[in-house]
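*Asks:* This is the structure, below, for whatever I ask next.
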Amino acid sequence: MTVRIWGETERLNEVTQLIRTLDATLSAELETSDIYAINQNKNGIVSDLTIELINKALYYSAETDGAFDPTIYPLVCQWRSAADTPPTPNLEPIGYQNISISGDEITLKSESALDFGGIGKGFAAQKSVELLKESEVEAAILSLGGNVQTLGAKPDGSKWAIGIADPSAPNEHIAVVEFEGSMALVTSGSYQRYYEIGGEKYHHILNPKTGYPAENELASVTILTQNGTMADAFSTALFVMGLEKASEFWRSRNDFDAVFILKDGSIMATDGAALLLKECEFTVIER
Ligand code: AMP
Ligand code: MG
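Each number in my numbering comes from the position in the sequence shown (counting from 1) with 27 added on.
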């Protein structure tokens, strides 16, 4: 992670501490985390921050009709542990309806398990920005592996300029987004992480309805919006939906924009995103 702050820089420690705490609380892999305990016991009391994240995750699951689903963990484990042949996905434990919340207590239906890999970084960036907003910080930019969030105007008067990775050469950018002020930009791409099974690559964004890696014309989706948590949940969800459903989803609401990189290298941008895109050719998706 990279955090850059202009103005009251003593806030930097608080932000890095917050991000470390979130990572330690929300990781499905760390044996000491809230989520690890819930996944083991299917029940438990969790911190306010964890409740807040679970509530948001449930909300975005419902909004995306389950394309984003934090109960994906059993499938992640199936894919991760397959060595020679791809697994036959077990969809039984999958479904955000399997999570219930009562006060600060979480209960899962048996066999369900949680994974906040699709929303956690965006939530961490969003909470960090909220923390910084309470102080006299002039401007900030946070970058958590593929998630970028800015706060305020860049102090030198120039615009923020954030690259979108080229899926076929992830260390280079295929486009640049230029804007003023606060925004979250979150990219989900099949190039970011994958499992190697029997010599084949299977990427890490799973379709909760099939249990297989989402296969469509997309190589990546970048969401542009004010809220980092939403940007992260939607980037994963729209990747699962594919271009046509994702475009329809965008038309059905007014709270984000998106840039789609297709497998053939072409770029499509919703009308709001199109106004900010530089250094590339693209097709505009109209309302
Ligand atoms: P992202 O990079 O934000 O798209 O998140 C991908 C990560 O989220 C994966 O590595 C999984 O841990 C998890 N994940 C995969 N598929 C989904 C899904 N459909 N909904 C929610 N989380 C997912
Ligand atoms: Mg995501």
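Even for Gly, the Cβ is constructed at its ideal location relative to N, Cα and C.
With 16 as the cutoff for other CB atoms within 10 Å, does G226 come out buried or exposed?
*Replies:* The residue you call residue 226 lines up with position 199 of the sequence shown. Result: exposed.
*Asks:* Could you check if I232 belongs to the surroundings of ligand 1, using beta carbon to heavy atom distance under 7 Å?
*Replies:* For the purposes of this step, residue 232 is taken as residue 205 along the sequence shown, with counting starting at 1. Result yes, Cβ under 7 Å from ligand 1.
*Asks:* In the DSSP assignment, find the beta strand (DSSP E) that holds F287 and state where it starts and stops.
*Replies:* Along the sequence shown, one-based indexing puts residue 287 at 260. It spans 284–289 - the beta strand (DSSP E) in which F287 sits, taken as one unbroken run.
*Asks:* In terms of DSSP beta bridges, what is R31 paired with?
*Replies:* Residue mapping note: residue 31 aligns to position 4 of the sequence shown, counting from 1. Answer is I168, bridged to R31.
*Asks:* From the DSSP output, in three-state form, read off A202 for me.
*Replies:* As a working mapping, residue 202 is identified with position 175 in the sequence shown. Strand, per DSSP.
*Asks:* For a test of the three-state rule: what should DSSP assign to K148, helix, strand or coil?
*Replies:* For this step, residue 148 is matched to residue 121 along the sequence shown. In this structure, K148 counts as helix in the three-state DSSP scheme.
*Asks:* Which class does S155 belong to by DSSP, given the choice of helix, strand or coil?
*Replies:* Start at 1 with the first residue of the sequence shown, and residue 155 comes out as number 128. If DSSP states are grouped into helix, strand and coil, S155 belongs with the helices.
*Asks:* To the nearest angstrom, report how far apart I253 and F95 are at their CA atoms.
*Replies:* Counting from 1 along the sequence shown, the entry for residue 253 is found at position 226. Counting from 1 along the sequence shown, the entry for residue 95 is found at position 68. In the sequence as displayed, the identity of residue 253 is Gln instead of Ile. Their backbone Cα atoms lie some 19 Å apart in a straight line.
*Asks:* What does the shell around ligand 2 hold, if a residue joins when its beta-carbon is under 7 Å from any heavy atom?
*Replies:* Every residue passing the under-7 Å Cβ criterion appears here: G145, I146, G149, V213, S215, D259, A260, S262, T263.
*Asks:* Using the C-alpha atoms, what's the distance from I46 back to G172?
*Replies:* On the sequence shown, residue 172 is found 145 positions in, with the first residue counted as 1. On the sequence shown, residue 46 is found 19 positions in, with the first residue counted as 1. Taking the straight line from one Cα to the other gives about 13 Å.
*Asks:* With 16 other CB atoms within 10 Å as the buried threshold, where does S217 fall?
*Replies:* Position 190 of the sequence shown, counted from the first residue, corresponds to residue 217. It counts as buried.
*Asks:* Given a threshold of 16 other Cβ atoms within 10 Å of its Cβ, counted over all protein chains shown, does A89 qualify as buried or as exposed?
*Replies:* The residue you call residue 89 lines up with position 62 of the sequence shown. When all chains shown are included, A89 counts as exposed.
*Asks:* Can you tell me whether S195 is buried or exposed? The criterion is at least 16 other CB atoms within 10 Å of its CB, across all chains shown.
*Replies:* What you label residue 195 is simply residue 168 of the sequence shown in a count that begins at 1. Its Cβ having fewer than 16 others within 10 Å, S195 is exposed.
*Asks:* Per DSSP, which residues does E132 bridge with? Please list them.
*Replies:* Walking along the sequence shown from the start, residue 132 turns up at place 105. E132 pairs with I72, S129.
*Asks:* How about S139 and P116: are their beta carbons less than 8 Å apart?
*Replies:* Along the sequence shown, read from residue 1 onward, the residue named residue 139 stands at position 112. Along the sequence shown, read from residue 1 onward, the residue named residue 116 stands at position 89. Their beta carbons are not under 8 Å apart, which means S139 does not touch P116 by this criterion.
*Asks:* Over the uninterrupted alpha helix (DSSP H) stretch that includes I46, give me the two end residues.
*Replies:* As a working mapping, residue 46 is identified with position 19 in the sequence shown. Per DSSP, I46 belongs to the alpha helix (DSSP H) from 38–53.
*Asks:* Would you say the beta carbon of Q219 is closer than 7 Å to some non-hydrogen atom of ligand 1?
*Replies:* To locate residue 219, count along the sequence shown from 1; it is residue 192. True, at least one ligand heavy atom lies under 7 Å from that Cβ.
*Asks:* Take the Cβ of K305 as the centre, count every other Cβ of all protein chains shown within 10 Å, and call the residue buried at 16 or more, exposed below.
*Replies:* In the sequence shown, residue 305 corresponds to position 278, counting from 1. The residue is exposed, with fewer than 16 neighbouring Cβ atoms inside 10 Å.
*Asks:* Are there three or more Cβ pairs, one per stretch, closer than 8 Å when the stretch 229–236 is compared with the stretch 53–62?
*Replies:* No, they do not touch.
*Asks:* Thinking C-alpha only, which one of G292, D259, D291, T249 is nearest S274?
*Replies:* Here the question's residue 274 lines up with position 247 in the sequence shown. Nearest option by C-alpha distance: T249.
*Asks:* With E223 as the anchor, note down where its alpha helix (DSSP H) starts and where it stops.
*Replies:* Translated into the one-based positions of the sequence shown, residue 223 becomes position 196. Element bounds for E223: not the alpha helix (DSSP H) but the beta strand (DSSP E), 221–224.
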